[in-house]
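Asks: If you're matching positions, the sequence shown starts at 0 in numbering that gives the first Met the number 0 and goes up one per residue.
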Amino acid sequence: MNVLTIYHFAKFSLFHLFTSQVRDELEHLLDDDNDMAEMYLTEKLAEQTPLKEELYDEAHEDDDEGGVEEYKSRHSSEFFTGVKPNVEELEMLLEAYFAQIDGISQKLYHMSEYVNDTEDFINIMLDEKQNQLLQMGVMLSTANMILNAGIVVVGLFGMNIGISLFDDKQTLDLE
């Protein structure tokens, strides 16, 4: 594979991983209403301003250790767990984002599968061509061996070696 192709495929894989992570986080947010309620920063700030004044007053009344922190954690958890937060607008917005991200993630997954299938197909074609070249090499080697066997036979008969078979005296005596 080309180095540039590997680089782009690695970038593509990272982008697919990133979109999958964003999709999972959006799905997690959509499942938890309290997390979505905490995303309403304006309402959170408006709720905390009167809460700070109450905290300051109660902190002076209670000289317990950690009174302010204890009150803060108690009241903020009551706000989010006692009443079901109104998160319909945010939920609709996050669902729209989730649908888009999910669509992108699915397209990237299918594109990744297509690239892998194409790579497999190209490797199969290359293997077929390699097998054809190997088969041609075997055929040429076989033809070369047969031709060399013929050359050996012709070379043996073409040598100037004295063989009794070719003597004229013995052939004349037999007649």
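Glycine included, C-beta positions come from ideal geometry on N, C-alpha and C. Computed from a predicted structure; not experimentally measured.
Say whether the stretch 126-139 touches the stretch 12-32, bearing in mind that this needs 3 or more beta-carbon pairs closer than 8 Å, one atom from each stretch.
Replies: No, they do not touch.
Asks: Check whether the Cβ atoms of Val86 and Met124 sit closer than 8 Å, and answer yes or no.
Replies: Contact flag unset, no.
Asks: With DSSP collapsed to three states, give me the class of Met135.
Replies: In the structure shown, Met135 sits in a helix (DSSP, three-state: H, G or I).
Asks: By the three-class DSSP mapping on this structure, what secondary structure does Val153 have?
Replies: Three-state DSSP puts Val153 in a helix.
Asks: Is Asn122 helix, strand or coil by DSSP?
Replies: Asn122: helix per DSSP, three-state reduction.
Asks: Quick check on the burial criterion: 16 or more other C-beta atoms within 10 angstroms. Buried or exposed for Ile145?
Replies: When all chains shown are included, Ile145 counts as exposed.
Asks: Considering only residues of the same chain and omitting the five flanking positions on each side of His109, which have a CB-CB separation below 8 Å?
Replies: Nothing meets the Cβ criterion.
Asks: Near Ser76, what residues of its chain come up, given a Cβ to Cβ distance below 7 Å and the 5 sequence neighbours on each side ignored?
Replies: With a pLDDT of 44 at Ser76, under the threshold of 50, the predicted position of this residue should be treated as unreliable, though the coordinate-derived value follows. Nothing listed; no residue qualifies.
Asks: Considering only the beta carbon of each residue, do Leu92 and Leu28 sit closer than 8 Å?
Replies: For Leu92 and Leu28, no; Cβs fall outside 8 Å.
Asks: Assign Thr178 to one of two classes, buried (16 or more other C-beta atoms within 10 Å of its C-beta) or exposed (fewer than that).
Replies: In this structure the chain extends from 0 to 174, so residue 178 is not present and cannot be described.
Asks: Residues in its own chain within less than 8 Å of Glu68 by CB, not counting five upstream and five downstream?
Replies: Low local confidence applies: a pLDDT of 49 at Glu68 is under 50, so the model's placement there is unreliable, and no value is given.
Asks: With a threshold of 6 Å on Cβ separation, who are the neighbours of Ile103 within its own chain once the five nearest residues in sequence on each side are excluded?
Replies: Thr18.
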